[in-house]
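A quick write-up on the structure given underneath.
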Amino acid sequence: MGGPWAANGREIRKMSNTGTATAALVVEGLSKTYGANGVDHRAIERVDLEVYAGEFVSIVGPSGSGKTTLLNCVSGLLAPSSGQVRSFGEPIGDGPSAEMAIVFQDYSRSLFPWLTVERNIGLPLKRTGAGKGDVAAAVDSLLESVGLPRSVIGKYPWQLSGGMQQRVAIARALINKPKILLMDEPFASVDAQTRMSLEDLTLRVWKEWNKSILFITHDIDEAIYMSDRVVVLSRGPSTVKATVDVPLPRDRDQIATKQEPLFGKLRSEVMDLVMGQ
Ligand code: ADP
Ligand code: MG
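Residues in the sequence shown are numbered consecutively from 2, following the working numbering.
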């Protein structure tokens, strides 16, 4: 195994025992055209990408380039016009698959305001029929994983800061132990310092729990800091313009990693791709 996988010092099962690639996600020829009042709007066109098991892949592209559309098609929330998505070899059906969980950009809309933190986090597990004790134990351990004190358990989302709400949303996404996390600009609306700590929290969860993550952002530095690979989308109707490998060593550090000459080189490369269209 060579390339970014080896360079990152992280064990990624790119090959399975049978020698075939272990892809957590394969997106093939995915297109989505919205139709309204007889006018068609092509949002994404023939997008191909894959996320290998254990890999962290970011998608960057300008606003309106179809990033959310792409993620919604990948998760099964939105039916594509053509193309297909497979998760660990299985085509995804209608609606989100049990293998995947989504963290949305707008934390205020991704949590239920009338449910406490405990019930917001526990809901997906409760829906699977788990008993009260199991749900409570899972919520407890997740609070610790996402760095929230136990004292928030009885609070409502609107009583928490934006960063804390996004931690609750991450805990909820993790409760059913999905193999794949889909994150749509999850930290776009929090302050810079909170954002950095949420980025590091996400990297810790990814590593410790061996998740595969598809992460959408319009922030080039964030994409490089987090990822094994960065997929650059073209302006809409978007297609994959380029994929940039990020062979920066892990664990990464908000200050040291961003000072590495390679970080600057990658930033210029991705910026050229994003701006030069
Ligand atoms: P991004 O997340 O990159 O900002 P979106 O996927 O939200 O982009 O949107 C891509 C394009 O599709 C935009 O031009 C947007 O206006 C359009 N679009 C998004 N959702 C709908 C919809 N439900 N109906 C019609 N057009 C839509
Ligand atoms: Mg979006």
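Glycine residues also receive a C-beta, built at the ideal position from the N, C-alpha and C atoms.
Predicted, not measured: the structure shown is a model, and the values here were computed from it.
Inset, instruction - Let me have the residue list for the ligand ADP: C-beta closer than 6 Å to any non-hydrogen atom, ordered along the chain. - result: Having a Cβ closer than 6 Å to some heavy atom of the ligand ADP are Y35, A37, H42, A44, G62, S64, G65, S66, G67, K68, T69, T70 and G237.
Inset, instruction - Going by DSSP, name the residue or residues bridged to S59. - result: Translated into the one-based positions of the sequence shown, residue 59 becomes position 58. Beta-bridge pairing links S59 to F216 and V231.
Legend entry - Burial state of A37 (16 or more Cβ within 10 Å): For the purposes of this step, residue 37 is taken as residue 36 along the sequence shown, with counting starting at 1. In summary, A37 is exposed, with fewer than 16 beta-carbon neighbours lying within 10 Å of its beta-carbon over all protein chains present.
Inset, instruction - Output the distance between the C-alpha atoms of W159 and L26, rounded to the nearest integer angstrom. - result: The sequence position of residue 159 within the sequence shown is 158, counting from 1. The sequence position of residue 26 within the sequence shown is 25, counting from 1. Between the alpha carbons of W159 and L26 lies a distance of about 34 Å.
Inset, instruction - Determine the direct distance from the alpha carbon of V58 to that of L267, and round the result to whole angstroms. - result: Along the sequence shown, read from residue 1 onward, the residue named residue 267 stands at position 266. Along the sequence shown, read from residue 1 onward, the residue named residue 58 stands at position 57. V58 has its alpha-carbon roughly 15 Å from the corresponding atom of L267.
Legend entry - Neighbourhood of G3 by C-beta, 8 Å cutoff - its chain only, sequence neighbours within 5 removed: Position 2 of the sequence shown, counting from 1, holds the residue named residue 3. In this prediction, G3 has a pLDDT of 38, which is less than 50 and means its spatial position is unreliable; what the coordinates show is noted afterwards. In its chain, beyond the 5 residues on either side, no residue has a beta carbon closer than 8 Å to the beta carbon of G3.
Legend entry - CA nearest to the CA of V118, picked from L144, K208, N211 and C74: Residue mapping note: residue 118 aligns to position 117 of the sequence shown, counting from 1. Of the candidates L144, K208, N211 and C74, the one whose C-alpha sits nearest the C-alpha of V118 is L144.
Legend entry - Enclosing beta strand (DSSP E) for G30 [first to last residue]: Residue mapping note: residue 30 aligns to position 29 of the sequence shown, counting from 1. That run of the beta strand (DSSP E) goes A24 to A37.
Inset, instruction - Compute the beta-carbon to beta-carbon distance between P97 and L124, rounded to the nearest angstrom, for a pair I have assumed lies under 8 Å. - result: In the sequence shown, the residue the question calls residue 97 occupies position 96. In the sequence shown, the residue the question calls residue 124 occupies position 123. In fact, because the Cβ distance is near 14 Å, the residues do not count as touching under 8 Å.
Legend entry - Residues of its chain near E186, where Cβ-Cβ distance is below 7 Å and the 5 sequence neighbours each way are ignored: Stepping through the sequence shown from its first residue, residue 186 is reached at position 185. Answer for E186: Q106, I217, T218 and H219, listed in chain order.
Legend entry - Local conformation of D107 per DSSP, three classes: Numbered from 1 along the sequence shown, position 106 holds the residue referred to as residue 107. D107 falls in the coil class under three-state DSSP.
Inset, instruction - Label I214 either buried or exposed according to how many other C-beta atoms from any shown protein chain fall within 10 Å of its C-beta, with 16 as the threshold for buried. - result: Working through the sequence shown from its first residue, we reach residue 214 at position 213. In the assembly as shown, I214 is a buried residue. Its beta-carbon has 16 or more other beta-carbons within 10 Å.
Legend entry - Buried or exposed (CB count within 10 angstroms, at least 16 for buried), T203: Taking the first residue of the sequence shown as position 1, residue 203 is located at position 202. So T203 counts as buried.
Inset, instruction - Please name the residue in A243, F264 and G134 whose C-alpha comes closest to that of R251. - result: Residue 251 sits at position 250 when you count from the first residue of the sequence shown. Nearest option by C-alpha distance: F264.
Inset, instruction - For G237, count neighbouring C-beta atoms within 10 Å of its own C-beta (all shown protein chains included) and say buried if the count is 16 or more, exposed if not. - result: Position 236 of the sequence shown, counted from the start, is the residue given in the question as residue 237. It counts as buried.
Legend entry - Near the ligand MG: D192 beta-carbon under 7 Å from a heavy atom: As a working mapping, residue 192 is identified with position 191 in the sequence shown. No, the beta carbon of D192 sits no closer than 7 Å to any heavy atom of the ligand MG.
Legend entry - Three CB pairs or more closer than 8 Å across the segment 133–144 and the segment 82–99: The segment 133–144, when compared against the segment 82–99, does not touch it at the 8 Å Cβ threshold.
Legend entry - Inter-residue Cα distance where the pair is V104 and S111: Counting from 1 along the sequence shown, the entry for residue 104 is found at position 103. Counting from 1 along the sequence shown, the entry for residue 111 is found at position 110. Straight-line measurement puts the Cα of S111 at about 8 Å from the Cα of V104.
Legend entry - Secondary structure of S17, DSSP reduced to three states: What you label residue 17 is simply residue 16 of the sequence shown in a count that begins at 1. In this prediction, S17 has a pLDDT of 49, which is less than 50 and means its spatial position is unreliable; nothing more can be read from the coordinates.
Inset, instruction - Using the Cα positions of E51 and D95, report the straight-line distance between them to the nearest angstrom. - result: The residue labelled residue 51 in the question sits at position 50 within the sequence shown. The residue labelled residue 95 in the question sits at position 94 within the sequence shown. If you take the alpha carbons of E51 and D95, they lie about 20 Å apart.
Inset, instruction - Following the continuous alpha helix (DSSP H) through L182, name the residue where it begins and the one where it ends. - result: Residue 182 sits at position 181 when you count from the first residue of the sequence shown. Counting along the chain, L182 sits inside no alpha helix (DSSP H); it lies in the beta strand (DSSP E) bounded by residues I181 to D185.
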